[in-house]
Structure formats: structure tokens, C-alpha cells
Amino acid sequence: MAYYRRLGSVPHKRHTQHRTPDGGLYYEELMGEEGFSSDSSLLYHRHIPSAIVGAEAWELPDQATTANHPLKPRHLKLHELFPGQEWKAADAVTGRRLVLGNADVRISYVAAGAPSELYRNAIGDECVYVESGEGVVETVFGALTVGQGDYVILPRATTHRWVPTGDAPLRAYCIEANSHIAPAKRYLSKYGQLLEHAPFCERDLRGPDEVLTAEGEDVDVLVKHRGSQGGPVGTRYTYPNHPFDVVGWDGCLYPYVFNIADFEPITGRIHQPPPAHQVFEGANFVICNFVPRKVDYHPLSIPVPYYHSNVDSDEVMFYCGGNYEARKGSGIGQGSISLHPGGHAHGPQPGAYERSIGIDFFDELAVMVDTFRPLEMGEGGLAAEDSGYAWTWSGRGPAR
Numbered sequence: 001m002a003y004y005r006r007l008g009s010v011p012h013k014r015h016t017q018h019r020t021p022d023g024g025l026y027y028e029e030l031m032g033e034e035g036f037s038s039d040s041s042l043l044y045h046r047h048i049p050s051a052i053v054g055a056e057a058w059e060l061p062d063q064a065t066t067a068n069h070p071l072k073p074r075h076l077k078l079h080e081l082f083p084g085q086e087w088k089a090a091d092a093v094t095g096r097r098l099v100l101g102n103a104d105v106r107i108s109y110v111a112a113g114a115p116s117e118l119y120r121n122a123i124g125d126e127c128v129y130v131e132s133g134e135g136v137v138e139t140v141f142g143a144l145t146v147g148q149g150d151y152v153i154l155p156r157a158t159t160h161r162w163v164p165t166g167d168a169p170l171r172a173y174c175i176e177a178n179s180h181i182a183p184a185k186r187y188l189s190k191y192g193q194l195l196e197h198a199p200f201c202e203r204d205l206r207g208p209d210e211v212l213t214a215e216g217e218d219v220d221v222l223v224k225h226r227g228s229q230g231g232p233v234g235t236r237y238t239y240p241n242h243p244f245d246v247v248g249w250d251g252c253l254y255p256y257v258f259n260i261a262d263f264e265p266i267t268g269r270i271h272q273p274p275p276a277h278q279v280f281e282g283a284n285f286v287i288c289n290f291v292p293r294k295v296d297y298h299p300l301s302i303p304v305p306y307y308h309s310n311v312d313s314d315e316v317m318f319y320c321g322g323n324y325e326a327r328k329g330s331g332i333g334q335g336s337i338s339l340h341p342g343g344h345a346h347g348p349q350p351g352a353y354e355r356s357i358g359i360d361f362f363d364e365l366a367v368m369v370d371t372f373r374p375l376e377m378g379e380g381g382l383a384a385e386d387s388g389y390a391w392t393w394s395g396r397g398p399a400r
């Protein structure tokens, strides 16, 4: 993120002495990407940030995946994963249930009512979409107040915790990368500014407003990191002092929030393809969103998507608001995911193609992830599957 930000107390020059009121030194930490060759920030700690007094294994929630074989389109009802009052005891980190995943990205879902422990993902950036509810994300950079429709971008290795607020669950759709997540490159100048044709700009991004300090001794932090076989594993660190001891920081790497309501949709006379809806990207995947918008105004237009084959990608759609015209009759509703894998031609449900003619506005809200390697099913996806979805285009069950 090339948008410079500065909070709290920092010295006039980087990598120079920064003195405490009693004459001691604050400890400078460079948090940077790509081996000192990309975005970074400098944080100034009251205590040595490397000091730990304990390290033990942390057993992650089930991360196993099962191949989508035989190859089928899938419908997953995520709201069924947290029935009744189960959400009250769940937190937004350890309560996540893996829905889909591959070597590049893992998609989880959680309904949380309890504060999480301190946590950082050392594998890649996280993009967490808040479907509903409210909360505060406390981070080493400062606090972020979040609510419905917010994307929360958390750079790799950012120490943070989720604190739900209010009486309703904080429902979150969690996209965990094996890389960094940033706005689409075509929206950015060669120096990183969001360009005029981008559907959002820096004014729409919310970062921390002030540093967040906390006291404490022997404080635990859950760390998700790469294991010997390349998959995720967990470690519980214990720090002698609370990690939220930063008196100031500056730079271009920090957590921020973007609300889906601030995305300005790109429309045209005929149907616009998914890249027009893109918001973020990571290595081998993109994130798009479909928001309420005017639709095609050519006199012969068909507003719903044409049937299409994703020959290079799997398409995952999370339905989180409004009425999705193309999916009526499929059983898909709020909190649903559809998985349309590469190798399967998909598109609107029977009748939707014809019904859309003459419509000039879509009241729909969805978050889409397209991946360029096949996705496998996590335990949460298997538990939430609607087994009849694959046959909804034909109107009949399997032939054998």
C-alpha cells in the first residue's frame, strides 16, 4: 500500500536514535515485504520486539482438504456452520472453519461472539470481509472499528486480535493468502497511487487513527506459519511484555479497512465481465465484488451473465446481500457460497436469462474469489454442502 501514514512519536530521520523521556532508547522494528525491496513501515517499541520466553505447538483448526472429485459445481450454506447460540463461544481466529483451499489461498467462515487471543498470520496477508455484526480489530499499528460490509486487510505477520461488540454475532468471510493482497495492479500508477479509472481511491481507505498501547507480562500470541510440508502449522509464543507497546510508526505497510459500499461499479451498454468488478488481488487469485448497480442499457441487452467456462480458474461466489437475479431457483440465499470449477460451464439458472430482459437495476451484494489453481473442500465446506445443487440447471437428479 503506497499511501504513506504516520502515527505517534517517530524520530526526524529513520534508523537514528529515538529517546524515551528518561533518556533510554526506543527499539526500532522494520516490518517490510519482499526482502527490503517493497512496502514497509518502521515501528518504535518500548521493549525489544524479538524477546520471547516461551514457544509451544498450537493445534490449528482442521486444515485438511478433499479434492473436488468427481468434478461438480457446489453450493455451500455457511450459516448452517454455526447453529443456535454456538457463535457466542467462538472467536474470529480459532473459531474459523475451513471451507475451501489450495496452495495459494484458504477461505474460511466464522460467526464469533468472543474476543480472540492475539494472533498473527506469518504465511500471508488476510482479507476478512465482515458479513454482519460489529467489532474492533486491535493491532500493533492501532485499532480499527469494523462493521457490516468492511474488508479488513491485515498484512502478513501483523499482530492483532478481534473483539466483537454488540449483541449479534460478528460473521466474517476470511480469505487467507499465501502471498500479499493489494488493489488490482491496473488501478495503480507505477508509483502506487490509485488512478482515475479505479472504482475506489485512497479517501475510501480507513487506517488506524492513533497508536494502541497495552500493558502486560507473559503475553501469548498465536502464530500461523509454514510447516515442513508447506502446509500451515501453529506456534504459541509467550512474550515477556505486551506486543502493543508501539509509541509511533510510519510507512506504507499497515492494516486498513475498505467498505464495499464505497466501491463505484463500472457499468456499460452490454454485460460487463468479472474483471470490471475486481477490488483486490493476490498471487494466483483475485477478489471481486458485485454491488447494487444500474445494468446494461443496450436495447437488446441480456443483463444476467452469459454462460461461461472458466478454463483457467475456479470461481467462488459468497452471497451476502440483496437478490442475486442469476441464481433464483437454485436454492442459493444469504450466506451461501457457490463453487464453479474450471472444466464446468456455468451461468444463470433456468428462466433467469429470459426474466432479466428489460431489468435496469440489480440489487445484489456478493464477494467473488477466482483462483488459478483448483480448490479443494475443507471440513466446513463438506459440512455445509447442498448436495442437490449440481443438478439444478437440468431439473433432474443424477443419471446414475
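For what it's worth, full-length UniProt numbering labels the leading residue of the sequence shown as 1, then goes sequentially. In this text, a Cβ means the ideal position worked out from N, Cα and C, and glycines have one as well. In this text, all values refer to a predicted model and were calculated from it rather than measured experimentally.
Within 10 angstroms of its Cβ, does residue i collect 16 or more other Cβ (buried), or is it exposed?
i, result
"D218", "exposed"
"V311", "exposed"
"F362", "buried"
"F280", "buried"
"I260", "buried"
"V243", "The question names Val, but residue 243 in the sequence shown is Pro. P243 comes out buried."
"F36", "exposed"
"A57", "exposed"
Would residue i and residue j be called neighbours here (beta carbons separated by less than 7 Å)?
i, j, result
"L170", "G135", "yes"
"A326", "P292", "no"
"G378", "G95", "no"
"I181", "D104", "no"
"Y129", "Y151", "yes"
"H277", "C288", "yes"
"D370", "S313", "yes"
"V233", "A122", "no"
"L253", "P155", "yes"
"G395", "H79", "no"
"V93", "G142", "no"
"Y297", "R269", "yes"
"P49", "A390", "no"
"S41", "G282", "no"
In the DSSP output, what is residue i paired with across the bridge?
i, result
"Y254", "DSSP output for Y254 lists no bridge partner at all."
"D91", "A114"
"H277", "H277 is not bridged to any residue."
"N259", "D150"
"S394", "Its beta-bridge partners do not exist; DSSP assigns none."
"H340", "E315"
"H75", "S338"
First and last residue of the beta strand (DSSP E) that includes residue i?
i, result
"Y237", "P232 to N241"
"G54", "G54 to W58"
"A366", "E364 to T371"
"P164", "H160 to T165"
"S40", "S40 to H45"
"V304", "Note, V304: premise wrong, no beta strand (DSSP E); not H, not E."
"L100", "R97 to G101"
"T139", "E134 to T139"
"D218", "E217 to R226"
"Y119", "Y119 to N121"
"E34", "First-last for E34: undefined, no H or E at that position."
"I287", "F285 to F290"
"G8", "R5 to G8"
"E176", "L170 to A177"
Does the beta-carbon of residue i, which I'm using as the reference point, lie nearer than 6 Å to any heavy atom of the ligand FAD?
i, result
"N68", "Among the components modelled here there is no ligand, and therefore nothing to report on the ligand FAD."
Kindly indicate the opening and closing residues of the alpha helix (DSSP H) around residue i.
i, result
"E379", "E379 to A383"
"R355", "A352 to R355"
Under the assumption that residue i contacts residue j (Cβ atoms under 8 Å), give the Cβ distance between them as a whole number of angstroms.
i, j, result
"Q63", "L98", "6 Å"
"V140", "T165", "Not a contact, Cβ separation roughly 20 Å."
"S309", "H75", "At roughly 19 Å, the Cβ-Cβ gap does not stay under 8 Å, so S309 and H75 are not in contact."
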